[in-house]
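A.B. asks: Here the UniProt record's numbering is used: the first residue of the sequence shown is 1, the next is one more, and so on.
No residue lacks a Cβ here, since even glycine has one placed at the ideal position from N, Cα and C.
Note that the structure is a prediction, hence the values are computed from the model and not measured.
This is the structure I want to talk about, given as structure tokens.
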Amino acid sequence: MNIVVCLKQVPNTNEVKINQETGTLIRDGVPSIINPDDRNALEEALKIKN
Numbered sequence: 001m002n003i004v005v006c007l008k009q010v011p012n013t014n015e016v017k018i019n020q021e022t023g024t025l026i027r028d029g030v031p032s033i034i035n036p037d038d039r040n041a042l043e044e045a046l047k048i049k050n
């Protein structure tokens with residue numbers, strides 16, 4: 001059986017800063033992580049495969 005899981009990189013919310021003037025995220029220097037929900041989906045897919 002083939003299993004496909006889509007993953008998305010998102011900014012680490014612990015280190016995100018907001019531009020007070022525009023209300024947008026300042027992503028410069030903020031590391032990206034795998035979306036936590038996508039990580040859970042990957043773990044479940046690996047359990048199913050094994």
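Please classify residue 49: does DSSP put it in a helix, a strand, or coil?
C.D. replies: Position 49 of the sequence shown holds residue 49. Three-state result, residue 49: helix.
A.B. asks: In three-state terms, what does DSSP make of residue 11?
C.D. replies: As a first step, residue 11 is located in the sequence shown; it is residue number 11 there, counting from the start. Residue 11: strand per DSSP, three-state reduction.
A.B. asks: Can you tell me the Cα-Cα spacing of residue 22 and residue 15, whole angstroms?
C.D. replies: For this step, residue 22 is matched to residue 22 along the sequence shown. For this step, residue 15 is matched to residue 15 along the sequence shown. Those two C-alpha atoms are separated by around 18 Å.
A.B. asks: Could you compute how far the alpha carbon of residue 27 sits from the alpha carbon of residue 8?
C.D. replies: The residue you call residue 27 lines up with position 27 of the sequence shown. The residue you call residue 8 lines up with position 8 of the sequence shown. Distance between the alpha carbons of residue 27 and residue 8: 16 Å.
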